[in-house]
DNA sequence: ATACATCCTGACCATTTGGTCAACAATCGT
DNA sequence: ACGATTGTTGACCAAATGGTCAGGATGTAT
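Chains as they are written, first to last, in UniProt numbering: chain A, 1 to 225; chain B, 1 to 225.
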């Protein structure tokens, strides 16, 4: 904080203009995004409020003014990520086409990892550390989410629309395979010798995963798509 | 450290007995294992030497006496994990049976995750944080490892022994699917409503993954095994 | 202009951080 | 028996940690 000699003399938050809670909104957004990056990189304990503040270009006191404390900030980020998560593949039914559902599942999960890589990594770091903040969510909401889908997969198998594979492990397989490209991005890039994963790469990977997983559990590809 | 009132008055390291570098060896092992757990749980920055020392049941000074500093300790753990890694599936050839090789790959990777879950998580945390210490390894050794295997997969495809899928993504798929059960153990347990993953679970998961992935990329299962 | 609420932040605090060091204890080689 | 090597650890340090707070700056409503 001693040397604030950033690019220019930081303006006094632009006096005129935005009214209402516009300032709050903007600053909170800024802080949340910075915090997501820092928590994702260093984990809960490894992230310092100071580092988050610097990432957001604000004094530490300001971050704490908006967020109360480190713990609250972290929980808020987790909840935001869970909300994105829950919006995913919210309603499927036995009547749906397995191929379409599985492909949509893979595709939307892949996009979530791509659109919110920091959030994905934040979540991963939380689980890696034993999910101290998410135990309840895992054993509650998420477990139900999985159960519901699993039941449908089983019914599909009974109807001969797919092989009788364990549906829970199938869900884990899809999660891991897609999550991988966010969480292990550094590894993927290192091995591919690139410095970013392009949209084209994502599309190819999505197709690859869809093809292998659908075929792997005996789902006939749908005509469309 | 102030209250060392552990179970009993800690013995003065058992005077008689071990000679040679036995003391060093034992203490180093103890420290490495403790450190692996702590680093895996909290990441590099989040882990404190103090926490590692407590986990090992030693004073902080003693940990630093053996390991020099935090950084060195961490690097040593990473190297140990890479060594285990490199021992995996070291030599395969185009002449081998794809089904056998792939199954052995899945199985041995699964076992590595199971036998060294803390090491797996340590590695995961390192990658998650952008692989600050492993950039070289990823872009060097590991990349070559992947290239070599990928070339063989391609030749199998050319010979019609499997579908012409992208071999690198196939390797990522196997990595992620197996690694998942170590890294996301907390999630897996939460959803399955268990408090540990049994040997039987591991066997079933291994079979599931083998079945789905082999079928998914058009590899005919081998007769044996 | 005045009152009121929101926003901003440097100074400060107790605690913890990684690391050093000196003094002491145990063991080994001879 | 004795010197040398190896092991042990509390005391200590500067820096960083999460968090508080007082006091000023800014904005809105009347």
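Note that beta-carbon positions come from the ideal geometry of N, C-alpha and C, so glycine has one too.
- prompt: If you draw a straight line from the alpha carbon of residue 110 (chain B) to that of residue 179 (chain B), how long is it in whole angstroms?
  reply: So the alpha carbons of these two residues sit roughly 7 angstroms apart.
- Item | Residues from the UniProt domain "HTH tetR-type" (25-85) of chain B in contact with chain A, defined by Cβ distance under 9 angstroms | If you check each beta-carbon in the UniProt domain "HTH tetR-type" (25-85) of chain B against every beta-carbon of chain A, the ones closer than 9 angstroms belong to 40, 41, 42, 43, 44, 45, 46, 47, 48.
Inset, instruction - Output, in sequence order along the chain, the residues in the region 188-207 of chain B whose CB is closer than 9 angstroms to any CB in chain A. - result: Those residues of the region 188-207 of chain B that come within reach of chain A (Cβ to Cβ, closer than 9 angstroms) are 188, 189, 190, 191, 192, 193, 204, 205.
Near residue 118 (chain B), what residues of its chain come up, given a Cβ to Cβ distance below 6 angstroms and the 5 sequence neighbours on each side ignored? Excluding sequence positions up to five before and after residue 118 (chain B), its CB lies within less than 6 angstroms of the CB of 36, 37, 40, all in the same chain and listed in chain order.
field: Residue-chain proximity (residue 130 (chain B), chain A), Cβ-Cβ < 7 angstroms
entry: By this cut-off, residue 130 (chain B) is an interface position.
### Query
Are residue 98 (chain B) and residue 138 (chain B) close, meaning C-beta to C-beta below 7 angstroms?
Judged by beta-carbon spacing, residue 138 (chain B) lies beyond the 7 angstroms limit of residue 98 (chain B), meaning their Cβ atoms are not closer than that value.
Touch check for the region 68-84 of chain B and the region 151-170 of chain A: three-plus C-beta pairs under 8 angstroms?
No, because fewer than three Cβ pairs between the region 68-84 of chain B and the region 151-170 of chain A fall closer than 8 angstroms, the two stretches do not touch.
- Query: In this structure, does DSSP put residue 184 (chain A) in helix, strand or coil?
  - Reply: DSSP places residue 184 (chain A) in coil when its eight states are reduced to three.
With DSSP as the reference, label residue 213 (chain B) as helix, strand or coil.
In the three-state scheme derived from DSSP, where H, G and I count as helix and E and B as strand, residue 213 (chain B) is classed as helix.
Quiz item: Is residue 196 (chain A) helix, strand or coil when you go by DSSP?
Solution: Per DSSP, reduced to three states, the secondary structure at residue 196 (chain A) is coil, with no helix or strand assignment.
message: Report the start-end ranges of each alpha helix (DSSP H) in the UniProt domain "HTH tetR-type" (25-85) of chain A that is 4 residues or longer and not cut off at the edges.
response: List check, alpha helix (DSSP H) in window: 49-56, 60-67.
Practice task
Output yes or no for whether 7 angstroms exceeds the beta carbon distance between residue 186 (chain A) and residue 127 (chain B).
Solution key: Note that the C-beta distance between residue 186 (chain A) and residue 127 (chain B) is below 7 angstroms.
Original post:
Taking any Cβ of chain A, which residues in the region 119-151 of chain B have a Cβ under 7 angstroms from it, in chain order?
Top reply: If the cut-off is 7 angstroms between Cβ atoms, the region 119-151 of chain B has 121, 124, 125, 127, 128, 129, 130, 131, 135, 138, 139, 142, 143, 146 near chain A.
* To do: Within the same chain, show all residues whose beta-carbon is closer than 7 angstroms to that of residue 108 (chain B), passing over the 5 residues directly before and after it, in chain order.
  => By the criterion of a C-beta distance shorter than 7 angstroms, residue 108 (chain B) is surrounded in its chain by 88, 89, once the five residues flanking it on both sides are discounted.
Pick helix, strand or coil for residue 119 (chain B), following the three-state DSSP scheme. Reduced to three states, the DSSP call for residue 119 (chain B) is helix.
*asked:* Whole angstroms are fine: how far does the CA of residue 145 (chain B) sit from the CA of residue 213 (chain A)?
replied: Each residue's CA atom was taken as its position, placing residue 213 (chain A) and residue 145 (chain B) some 25 angstroms apart.
#### Entry: Cβ of residue 169 (chain B) within 7 angstroms of any chain A Cβ
Closer than 7 angstroms: yes.
What three-state label does DSSP hand residue 157 (chain A) in the structure shown?
Helix, per DSSP.
Using a Cβ-Cβ cut-off of 7 angstroms (strictly less than) and excluding sequence neighbours within five positions of residue 211 (chain A), which residues of its own chain qualify? Cβ within range, chain order: n/a, list empty.
Q) If we ignore side chains and look at the alpha-carbon of each, how far apart do residue 237 (chain B) and residue 121 (chain B) end up? A) Nothing about residue 237 (chain B) can be reported from this structure: the residues present for chain B run from 1 to 225 only.
**Asked** With a cut-off of 7 angstroms, does the C-beta of residue 184 (chain A) fall near any C-beta of chain B?
**Response** Yes, because at least one Cβ of chain B sits closer than 7 angstroms to the Cβ of residue 184 (chain A).
Would residue 205 (chain A) and residue 169 (chain B) be called neighbours here (beta carbons separated by less than 7 angstroms)?
Cβ atoms of residue 205 (chain A) and residue 169 (chain B): closer than 7 angstroms.
key: Backbone secondary structure at residue 133 (chain A) - three-state DSSP   = When secondary structure is reduced to three states using DSSP, residue 133 (chain A) falls in the coil class, being assigned neither helix nor strand.
**Message:** Our contact map puts residue 190 (chain B) next to residue 131 (chain A) with C-beta atoms below 8 angstroms; I'd like the distance itself, whole angstroms only.
**Reply:** With a contact defined as Cβ atoms closer than 8 angstroms, residue 190 (chain B) and residue 131 (chain A) qualify at about 7 angstroms.
### Task
Helix, strand or coil for residue 207 (chain B), going by three-state DSSP, please let me know.
Residue 207 (chain B): helix per DSSP, three-state reduction.
Problem - Exposure of residue 43 (chain A), with buried meaning 16 or more beta-carbon neighbours within 10 Å - result: By the 10 Å Cβ count, residue 43 (chain A) comes out buried.
For this session: Starting from the Cα of residue 140 (chain B), find the closest Cα among A:166, A:193, A:106, A:129 and give me that residue.
Result: Comparing Cα-Cα distances from residue 140 (chain B) to each of A:166, A:193, A:106, A:129, the minimum goes to A:193.
Let me know the secondary structure DSSP gives residue 142 (chain B) once reduced to three states. In the structure shown, residue 142 (chain B) falls within a helical segment according to DSSP collapsed to helix, strand and coil.
Selection from A:30, A:28, A:173, A:27 that minimises the alpha carbon distance to residue 105 (chain A)
Looking at the Cα atoms, A:173 is the closest of the given residues.
Practice problem: Using a cut-off of 9 angstroms between C-beta atoms, extract the partners of residue 172 (chain A) located in chain B. | Solution: 177, 180, 181, 184, 187, 188, 191, 205, listed in chain order.
**Report entry** Nearest neighbour of residue 31 (chain B), chosen from B:46, B:21, B:45, B:59 [CA to CA]
**Finding:** Selected option, being the one with the closest Cα: B:59.
Expected contact under 8 angstroms - CB spacing of residue 167 (chain A) and residue 150 (chain A) to nearest Å
Going by Cβ atoms, the distance from residue 167 (chain A) to residue 150 (chain A) rounds to 4 angstroms, so yes, they are a contact pair.
| request: Select from the region 88-109 of chain A all residues with a C-beta closer than 8 angstroms to any C-beta belonging to chain B, and list them in chain order. | output: If the cut-off is 8 angstroms between Cβ atoms, the region 88-109 of chain A has nothing near chain B.
- [ ] With a 10 Å radius around its C-beta and 16 neighbouring C-beta atoms as the bar for buried, classify residue 21 (chain B) as buried or exposed.
- [x] Using a 10 angstroms sphere on the CB of residue 21 (chain B), the tally of other CB atoms stays under 16, which defines it as exposed.
**For residue 95 (chain A), the nearest candidate out of A:28, A:202, A:218, A:154 (CA to CA)** = Checking every option, the nearest Cα to that of residue 95 (chain A) belongs to A:154.
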